[in-house]
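Chains as they are written, first to last, in numbering that gives the first Met the number 0: chain A, 0 to 264; chain B, 0 to 781.
No residue lacks a Cβ here, since even glycine has one placed at the ideal position from N, Cα and C.
Bear in mind the structure is a predicted one, so any value in this text is a computation, not a measurement.
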Amino acid sequence: MYSVNYHRAASVADAVKLLESGDAKLLSGGMTLIPAMKTRLAAPSDLVDLSHIEELKGIEVAGSAITIRAATTHHEVASDEKLKKACPALAHMASRIGDPAVRYKGTIGGSIANNDPAADYPAALLALEATIVTNKREIAADAFFTGLFETALEDGEIVTAVTFTAPAKAAYEKFRNPASRYAIVGVFVANGADGVRVAVTGAGDSGVFRSKEIEAALATNFDAAALNGVKVPANDLMSDIHASADYRANLIVVMAKRAVAAANA
Amino acid sequence: MGIEGVGARVARKEDKRFITGAGRYVDDMVVPGMKHAAFVRSPHAHAEIKKIDLKKAQAMPGVIGVLTGKELKADGIGNLICGWMIHSKDGSPMKMGAWSPLAFDRVRYVGDAVVVVVAETKGQARDAAEAVDITYQELKAVVDAPKALERSAPQIHPEADGNLIFDWELGDSAATNAAIKAAAHITRMKIVNNRLVPNAMEPRATLGHYDKAEDHYTCWTTSQNPHLARLVMSAFYNVAPENKLRVIAPDVGGGFGSKIYIYPEEIICLWASKKTGVPVKWVADRTESFLTDAHGRDHVSTVEMAFDKDNRITGLKVDTIANLGAYMSLFSSCVPTYLYATLLSGQYDIPAIHANVRAVYTNTAPVDAYRGAGRPEATYLLERTMETAARELGVSPAELRRKNFITAFPHQTPVIMNYDAGDYAASLDAAMAAADYAGFAQRKADAANRGKLRGIGMSCYIEACGLAPSAAVGSLGAGVGLWESAEVRVNAAGTIEVLTGSHSHGQGHETTFAQLVNQRFGVPIDSVSIVHGDTDKVQMGMGTYGSRSGAVGMSAVAKALDKVEAKAKKIAAHLLEADEGDIVIENGALKVAGTDKQVPWFQMALAAYTAHNLPGGMEPGLKETSFYDPSNFTFPAGCYVCEVEIDPETGVTEVVQFVAADDFGNIINPMIVEGQVHGGVAQGIGQALLEGTRYDASGQLLTASYMDYTMPRADDLPSFKVSTSNTPCPGNPLGIKGCGEAGAIGSPPAVINAITDAIGITDIAMPASPSTVWAAIRATKH
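Following this line, the structure appears as structure tokens:
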């Protein structure tokens, strides 16, 4: 790791100010940034730590309206009793991110701002039709995730919360990379007021995406059997030493089936 | 056996310090004035070094020295060597290319060390290493061994024309060809043994300290054999004469072979310490470990196995290309030759065998011995072929093996080895019973009802351990002898120190060696200390690899204990005024057999040192040494049965049952032996299902971190069913065969035989990852 200046932000406004120092980066849980810095792949001059800002913490459940503030850890999402009742799929998904150390440090805001193409939260927020709230505006999930490690966030813009309406049914199934245990394919299915939304992480050439083929098949029949024979195209899928695009295309359907079965269970 | 004696399940003495974080590894060593090294390594697999500009690095904060290969050469430091001479079949010696500890004219793999920076802190050393400016002219690279032999391949070393290091053969070519010609059935296969990265938990590390006042060097290093390190660094690398060089291998966190060899970093840190005037420490980061630890395996072979009309094997012909990487590591040449082809008879009576092995250079990390070293490659080739032959012949894989088993001992194979003892049918029967082999068809049907493909596979392995008779290995080209030393010191109050030339880096010497002493003298194991890993304490030894610590190292201890026992009995007889032949040692006392006359052990020891009343002419003291050279290799063998269930939708293979039935000879501590089998099988399942080392065509290592290299984890593995049915080894005084490598040797073919059985295919590449298995299943449907 190169030497770096550490700043603990007291508020979001304070963080925005601190971000102006040198080549500063925001630090939340640090579960991606710190390893990248340790291996010298990232070299910010300054770190602005968001994890002690009270206004960025906590989960609110009001009926089906859910707000999760940005610095909430995966462990907190996984173990929040109200959320487990209102949207068990999301709590369950959070309980399977990384390992315990990651879940106690990593945060929802950090995960979506980083938008790793194999991260779990982007699939969840896209399928849940969530809104990403920042210090400047509100952004629909459909417009937020713009590419590999790319988001709609502008300079000085900080994610403060995500909000969504809990769907009637939802579930997430992922197939892990045997080495890293990140998702090779993760499929979040949600059957909500506005219909069925299916988002896929780990597989797309340009990051998380909605699968039109699977959404279409499930639109009128939210049942795993509705996916029998459904094929998703492999053209825009990633291919690497762990999984070919064809294999990922197969896994998307398999994981979608299992997610739908779990959502209906 | 007593509660702490031979055969007792004694908890490991050393584990308390390991588990509580109190172990002392090289990185824990701190000496006054110590500074830190960082290496500048080649980013290219093959390139000419055009220019090295150190100016910017030298001006960086905290920098003490920035040193290059030219300076190293000017100071007379020698090239790294391979210590086992192999001659090609045309009689010519192997073609060893020069390996300078710091490359100065050409780099040959990604990770090749070029410049070393010594600085006040590790961070400053790394910062300065990044500031070293090296101009390379890239050359074409080759990573694949068969491709390296093609005419169009780039030439890697001027010494090895066409990248061919040797073209070696073993066995009778004419007799084998005749057997194949006359065969009723021939099974032919292409067998690929995948390259593995050793991944010891503790990365390699070294601390070099030159003491100007004494003109003396001390090297702390992560080594499996510190004495060999001293010998080689003195005799070949010209670092310092042996009497001026102390090598210490303290607690070492796993080796698996990768810490046998002398690497550039030890040499460079010692040299740099003298050059800069400060002690120099280097600890590999995990990426450096992936890039530069000697890798294992990487064979491509073809095999023909000939059968007569009664399904007896009549001949075996093998052609292997072995990838040795960019340089010849210390023992690289013996792995695909005398540790491989000599085991191609397996457990079978095969009248004619011929093996041809070509070893080649490529632009990849050097390849050397890794847990099993040659024997896993032989076992994989043979046991995959046996399984395939049984399927082709339409007979039971178990019965085909049984029919061809060697049943009379000693047995001379056509490939050098003389098997001394074994009962292969006993292991086969034990494994099949433990696996409920007969119930498999029902389990397969049940699995099918759940949508799963279930398969079963077996493997009957043999290996050669206890390396080995010095004269024999010397005649085969080894540059060293393979005996072991021991010294037993009985202190004045009766406690005991055992000094051994073998080295524990996880094996449990501190417990098992003490059990041997407890068995002999009744002294509690807490009163027995095992000393190893320091050339100032133990005069000479050959270290630990090839499952040799028990068979060779403990045999040396047993020989020294014989001498101590004889002298102790003489002293006791004198004190008790009895005949020496009537003295027996029981419960910590020396007794006159059949009487109540006795002298406690500690009192006898005190008498040896007070020397007030010793037999006439006896020297005071009680300390004995022994150098033990075995008369033969040992031959552990066994049968492994693996059962898998495959999810055809995802290609995920679950090992649902794994049975190991081994013959290790006599056992000192069954718990430690089981642990060795568990670890070995985990590594073998890792090779079969998870671990694959991938270079791209340009020579970049794609699997250089745990993000991409799949280490086996607990949830990848089943609970193992292990058992032993042992025939004592007649070749050493303890009857021990060795158990350290068997698991890694026997398991990969059992796993792959199970997977190919489940899918109904002939072969699948290792590692049989989910995507590979899924693609194989899909191919069966087209």
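- Rounded to whole angstroms, the gap between the alpha carbons of residue 36 (chain B) and residue 275 (chain B) is 11 Å.
- Here residue 57 (chain B) carries a helix assignment [DSSP, helix/strand/coil].
- Within the segment 405–447 of chain B, the complete alpha helix (DSSP H) segments at least 4 residues long are 423–433, listed from N- to C-terminus.
- Listed along chain B are 648, 649, each with a C-beta nearer than 7 Å to that of residue 253 (chain A).
- The C-beta distance from residue 129 (chain A) to residue 158 (chain A) rounds to 11 Å, too long to fall under 8 Å, and the pair is not in contact.
- Distance check between residue 186 (chain A) and each of A:46, A:89, A:137 places A:89 closest, using alpha-carbon atoms only.
- Residue 508 (chain B): member of the alpha helix (DSSP H) spanning 508–520, first to last residue.
- Neighbours of residue 43 (chain A) in chain B, taken as residues whose beta carbon is under 7 Å from its own, are absent, since the nearest beta carbon is some 16 Å off.
- Under the three-state reduction of DSSP output, residue 597 (chain B) falls in the strand class.
- With a threshold of 8 Å between beta carbons, residue 250 (chain A) makes contact with chain B.
- Look at residue 33 (chain A): its C-beta is not under 8 Å from any C-beta on chain B.
- Taking a C-beta cut-off of 9 Å against chain B, none of the residues of the segment 99–123 of chain A qualify.
- Excluding the 5 residues flanking it on each side, residue 85 (chain A) has same chain C-beta neighbours closer than 7 Å at 60, 63, 65, 165, in chain order.
- Taking a cut-off of 8 Å on C-beta distances, the segment 211–220 of chain B does not touch the segment 170–188 of chain B, as fewer than three cross pairs fall below it.
- Secondary structure note for residue 76 (chain B): it is in no beta strand (DSSP E), with a DSSP letter that is neither H nor E.
- By the Cβ criterion, the segment 638–645 of chain B is in contact with the segment 455–463 of chain B, since at least three pairs of Cβ atoms, one from each stretch, lie closer than 8 Å.
- At least 8 Å separates the CB of residue 449 (chain B) from every CB of chain A.
- By the CB criterion at 8 Å, residue 256 (chain B) and residue 368 (chain B) fall inside the cutoff.
- Excluding its 5 nearest sequence neighbours in each direction, residue 122 (chain A) has C-beta neighbours in its own chain below 6 Å: 185, 187, 198, 200, 207, listed in chain order.
- DSSP, read as helix, strand or coil, puts residue 92 (chain B) in strand.
- Closest by C-alpha distance to residue 176 (chain B), out of B:631, B:313, B:763, is B:313.
- Partner residues in the beta bridge of residue 312 (chain B), as assigned by DSSP, are B:306.
- DSSP places residue 236 (chain A) in the strand class (E or B) of the three-state scheme.
- Unbroken alpha helix (DSSP H) runs of no fewer than 4 residues, entirely contained in the segment 574–623 of chain B, are found at 600–609, following chain order.
- The residue from B:418, B:10, B:3 with its alpha-carbon nearest to that of residue 673 (chain B) is B:10.
- Runs of the alpha helix (DSSP H) spanning 4 or more residues and lying entirely within the segment 360–388 of chain B do not occur at all.
- Using a Cβ-Cβ cut-off of 8 Å, residue 705 (chain B) is close to 178, 179 of chain A, given in chain order.
- For residue 130 (chain B), the closest Cβ of chain A is not nearer than 8 Å.
- In this structure the segment 717–724 of chain B does not touch the segment 157–177 of chain B; the number of beta carbon pairs closer than 8 Å is below three.
- In the DSSP assignment, residue 64 (chain A) falls within the beta strand (DSSP E) that extends over 64–68.
- For the 8 Å CB-CB criterion, residue 585 (chain B) and residue 568 (chain B) do not form a contact.
- It is roughly 32 Å from the alpha-carbon of residue 183 (chain A) to the alpha-carbon of residue 365 (chain B).
- Going by DSSP, residue 700 (chain B) is part of no alpha helix (DSSP H) at all; its letter is neither H nor E.
- In the DSSP annotation of this structure, the continuous segment of the alpha helix (DSSP H) that includes residue 179 (chain B) starts and ends at 172–180.
- Residue 106 (chain A): not part of any alpha helix (DSSP H); DSSP gives it neither H nor E.
- For the C-beta of residue 243 (chain A), the chain B residues within less than 8 Å are, from N- to C-terminus, 770, 774.
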